[in-house]
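**Student:** The structure's right below; bear with me while I get my questions together.
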Amino acid sequence: MGRGIFTNEFIEEVRTASDIVAVIGEYVRLKKVGQNFVGLCPFHNEDTPSFTVNRERQMFYCFGCNVGGDVFEFIKKRETVDFPEAVRLLAERAHLAVPVLDPADEQRKLERQALYWANELAKKYFQSCLYHRELGAEARAYLARRGIDTATAQKFGLGFAPDKWESLLYYLRQSGVGQEVAIKAGLAIPRPKGTGAYDRFRGRLMFPIHDVRGRVVAFGGRVLGPGEPKYLNSPETTIYRKARLLYALDQARSGIERENKVLIVEGYLDVLACYQFGFDFAVASLGTALTSEQIALLKRYTTNINIAYDADAAGQTAAARGLQMVRQAGCQVKVLMLPVGKDPDDFLRSHGAEAFKALVEQAVPLPVYYFRQLTQKHDIGTLEGRLAVAKAMVPHLAGIENLVEREEYTKKVAEKLGLSQEALRAEIKQQIEEKGQVGFRKPTITTKARPSLLPATRQAETDALMGLSSLFLANPEIRPLIAASVPVDCLSQLPQATVLKTMLALFDPNGSDFSLPELANMMPDQDTRNILAQLAVKPPPVGEAAELVADYTRFLHLLWVQRQIQILKREINSLKRAGKNEE
């Protein structure tokens, strides 16, 4: 079987029938430039075309947002569907008969469809109750007090669950949805004794939660007056995993792509207020801490993340957890500095859209955010306070991989605290060495390499790995030389190294050649597949291939030697410190 529910043969049949230039041309205006086609990227906002499609290799890549892949990957991202659905859509486009699923898969599909339908019916029922003259009066009054207008309430599908035990269940039964499905959808709870069930949501303002395709998968319900819990959410089901979704992303997608940034807030009402005041690129995390799945979802649309959590202690703690996760995912993250005691909803209603726009534009980078938080916590009028701030800033500064950026922030922190820059740099260096981080004053490696091979930096290593991979992909006759020359055991853990290792693992000098789709299927994650797509649309390095291979491999081997020296130095220093402690 192939990926998901289709055979490899059917997947290849669909691929053959779906020329990537023709498919993408239905979404993007493409212009032929040399051997490639270029156009404005559909995945991020740009003025100069950086989106490239290669017909020969049937791959696309955007040099602006680093997204790439084959025709299936394009449909997955553009239509926000999984792989089987992308195959199905392309098959229907090519007028190919889609194979019938096996009975077990068909049953699971029907069960999921039943849950989607139950949730959609529940949404309609809650909406009808909200606008019922008597039933929804209190809920409508609450929305009016919170400043949520009717247009916004309808746009987001808000509703009201009456304070009755089985009103939704009765409505679902009348609509052909049984009790078992209602329970599986999280809309009803089985009674602890005997048979039957009762409505999960009663006497609450209802916020439907949609997936990126706009399907209702869950609900959040808020009490209108005093009562606990203030918010009651649907349990996780086969169609709802809160770690994988963001509230209102289905509504915010176009705004995020237009602005090339996303604003993450905490609550449903924060999102509604943002939308109502013109900030239609806001979403809410379904829980206080962002998850890696949510960040990966956002990276489909932008890598610029702005966070606007409540300015209280809990909100700032949640922000800190989210910030660490976002930074590790390679995104650019900034934080809105909301006044203490204000959330985005409060701020917008008391200060207006222009003031909030200024907050968005003046959002601060991570190091500045951390520094401000620490200076509020410690008295920097004392030496003890300044030292405490400096100590707490060291890991944040050490985590900045860009050397120029790290140096600038190091200078600023030292100046503001009135401390020695040299001492702070030494602390950062020690932190990096102890954690095994990269990017701090790497020694220059002298080689006979051509000028394009710079000193031993992350970029130079990436260039060497990409150069070898590009030569390997473009020149079958040079593959035996690359396979024999590349010191595989010496390669780092960079994703570019993973791509090269995968190519070498597939290479068989006595066997048949491999295809790009086969190579893409072997890649462990989306980052490596994007790198492969970039290689597919870029021309190989210019020069004599054998000389280039020799230069690149010599460079990588010397870089490995230098790293081994650094490891030994750290081990020696560690042993020395251990010896001193024993004394």
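Each number in my numbering comes from the position in the sequence shown (counting from 1) with 74 added on.
Every residue, glycine too, gets a C-beta built ideally from N, C-alpha and C.
(1) Does the Cβ of Arg-524 have 16 or more other Cβ atoms within 10 Å, making it buried, or fewer, making it exposed?
(2) Would you tell me roughly how many angstroms separate the C-alpha atoms of His-470 and Pro-441, rounded to the nearest one?
(3) Between Asp-354, Leu-184, Leu-343, which has its C-alpha nearest Glu-333's C-alpha?
(4) Am I right that Leu-545 and Leu-622 are in contact with their C-beta atoms under 8 Å? What's the rounded C-beta distance?
(5) Just to confirm before moving on: does the CB-CB distance between Phe-146 and Ala-160 stay below 7 Å?
(6) Can at least three beta-carbon pairs, one atom from the segment 340-349 and one from the segment 366-381, be found at a separation below 8 Å?
(7) Compute the distance between the beta-carbons of Gly-329 and Met-280, then report whether it is under 7 Å.
(8) Hey, out of Gly-294, Arg-274, Asp-273, Gly-277, whose CA is closest to Ile-283's CA?
(9) Measure the alpha-carbon distance for Gly-352 versus Phe-430 and round it to whole angstroms.
(10) On the criterion of 16 or more Cβ atoms from any shown chain inside 10 Å, does Thr-663 qualify as buried, or is it exposed?
(11) What first and last residue would you give for the beta strand (DSSP E) that runs through Lys-105?
(12) Alpha carbon to alpha carbon, how far is Thr-518 from Lys-486?
(13) With a Cβ-Cβ cutoff of 7 Å, do Val-573 and Tyr-135 count as a contact?
(14) By DSSP, does Leu-528 sit in helix, in strand, or in coil?
(15) Got a sec, what are the start and stop residues for the beta strand (DSSP E) Pro-306 sits in?
(16) If you follow the alpha helix (DSSP H) that Gln-325 is in, where does it begin and where does it stop?
(17) Taking the straight line between their C-alpha atoms, what separation do you get for Ser-124 and Gly-99?
(18) Classify Arg-651: buried if its beta carbon has 16 or more other beta carbons within 10 angstroms, exposed otherwise.
(19) Applying the criterion that 16 or more other CB atoms from any shown protein chain within 10 Å of the CB defines a buried residue, is Gln-608 buried or exposed?
(20) By the three-class DSSP mapping on this structure, what secondary structure does His-169 have?
(21) Since I believe Ala-571 is in contact with Leu-565 (beta carbons under 8 Å), could you give me their beta-carbon distance rounded to a whole number of angstroms?
(22) My understanding is that Leu-104 touches Val-127, with C-beta atoms under 8 Å, so please give their C-beta distance in whole angstroms.
(23) At a cut of 8 Å, does the segment 437-453 reach the segment 367-374 through at least three beta carbon pairs?
(24) Taking only runs that begin and end inside the segment 454-519, name each unbroken beta strand (DSSP E) of 3 or more residues, in chain order.
(25) Give the straight-line distance between the Cα atoms of Leu-319 and Arg-186, rounded to the nearest whole angstrom.
(26) Determine the extent of the alpha helix (DSSP H) in which His-284 is found, giving its start and end residues.
(27) Do Ala-192 and Val-251 have their beta-carbon atoms positioned less than 7 Å apart in this structure?
(28) Do the segment 265-274 and the segment 230-250 make contact, defined as three or more Cβ pairs closer than 8 Å?
(29) Check whether the segment 200-217 and the segment 148-165 touch, using three or more Cβ-Cβ pairs below 8 Å as the test.
(30) DSSP three-state label for Glu-618, please.
(31) Suppose only complete runs of 4+ residues qualify. What are the alpha helix (DSSP H) ranges in the segment 398-460, listed by chain order?
(32) What's the gap between the Cα of Leu-542 and the Cα of Gly-288?
(33) Extract the residue ranges of the alpha helix (DSSP H) inside the segment 542-568, only unbroken runs of 4 or more that lie entirely within it.
(34) Which stretch, first to last residue, makes up the beta strand (DSSP E) that contains Gln-182?
(35) Which whole-angstrom value is the C-beta distance of Val-438 and Met-411, which I expect to be below 8 Å?
(36) Taking the C-alpha atoms as reference points, what is the distance between Arg-247 and Ala-326?
**Tutor:** On the basis of the coordinates in this document:
(1) Here Arg-524 scores only 36 on pLDDT, less than 50, and its place in the model should not be relied on; the value that follows carries that caveat. Counting Cβ neighbours within 10 Å, Arg-524 comes out exposed, since fewer than 16 surround it.
(2) 7 Å
(3) Asp-354
(4) 6 Å
(5) yes
(6) no
(7) no
(8) Gly-294
(9) 10 Å
(10) An answer regarding residue 663 cannot be provided, because it is not within the stretch 75 to 657 covered by the chain.
(11) 105-107
(12) Because the pLDDT at Thr-518 is just 35, under 50, the model does not fix this residue reliably, and the value given afterwards should be weighed accordingly. Each residue's alpha carbon lies about 27 Å from the other.
(13) no
(14) Residue confidence is low: Leu-528 scores 35 on pLDDT, short of 50, so the model does not pin down where it sits. Its coordinate-derived value is still stated next. Here Leu-528 sits in coil by DSSP.
(15) For the sequence presented, residue 306 should be read as Leu rather than Pro. That run of the beta strand (DSSP E) goes 305-307.
(16) 323-333
(17) 15 Å
(18) exposed
(19) buried
(20) coil
(21) 4 Å
(22) 6 Å
(23) no
(24) none
(25) 17 Å
(26) Counting along the chain, His-284 falls outside any alpha helix (DSSP H), though it belongs to the beta strand (DSSP E) covering 278-284.
(27) yes
(28) yes
(29) no
(30) coil
(31) 418-425, 427-435, 440-451
(32) 43 Å
(33) 553-559
(34) The sequence shown places Arg at residue 182, rather than the Gln named in the question. It is not in any beta strand (DSSP E) - Arg-182 instead sits in the alpha helix (DSSP H) that spans 177-204.
(35) 6 Å
(36) 34 Å
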